[in-house]
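> First residue of the sequence shown? That's 1 in the working numbering, and the numbers climb one at a time after it.
Glycine included, each C-beta is placed from N, C-alpha and C at the ideal position.
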Amino acid sequence: MFQPRAPRLIAMPGKIEEIKDFLLMAWHKDAKSVKIKKNKDNVKLKFRCSRYLYTLVITNQEKAEKLKQPLP
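(1) Report all residues from its chain with a CB closer than 6 Å to the CB of Ile16; omit the five preceding and five following residues, and keep chain order.
(2) Look up Arg48 in the DSSP assignment and give the residues it is bridged to.
(3) Looking only at its chain, what residues have a beta carbon closer than 8 Å to the beta carbon of Gln61, apart from the 5 residues adjacent to it on each side?
(4) What's the gap between the Cα of Lys35 and the Cα of Phe47?
(5) Residue range of the alpha helix (DSSP H) that Lys66 falls in?
This is how it looks when you write it as structure tokens:
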């Protein structure tokens with residue numbers, strides 16, 4: 001008899017509020033890549049881990065420039 005499979009759960013991206021948390025998570029072993037997306041109002045820093053995509057949104061352009069420097 002045929003039994004349907006349970007639907008697979010889809011991992012949603014996570015939003016990080018604090019810069020300190022973002023830096024700690026970006027240096028994890030499973031962090032694969034960091035993408036920087038600039039808009040006229042804000043800068044989005046996105047990094048991909050093995051399971052989730054994490055995003056930090058910064059509205060201050062100077063803070064975003066400083067934050068780019070220590071990234072791996």
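A quick look at the data gives this:
(1) Phe22, Tyr54, Leu56, listed in sequence order.
(2) The partner list for Arg48 (beta bridge, DSSP) reads Ser33, Leu53.
(3) Correct list, in chain order: Val43.
(4) For the pair Lys35 and Phe47, the Cα-to-Cα distance works out to about 6 Å.
(5) It spans 61-68 - the alpha helix (DSSP H) in which Lys66 sits, taken as one unbroken run.
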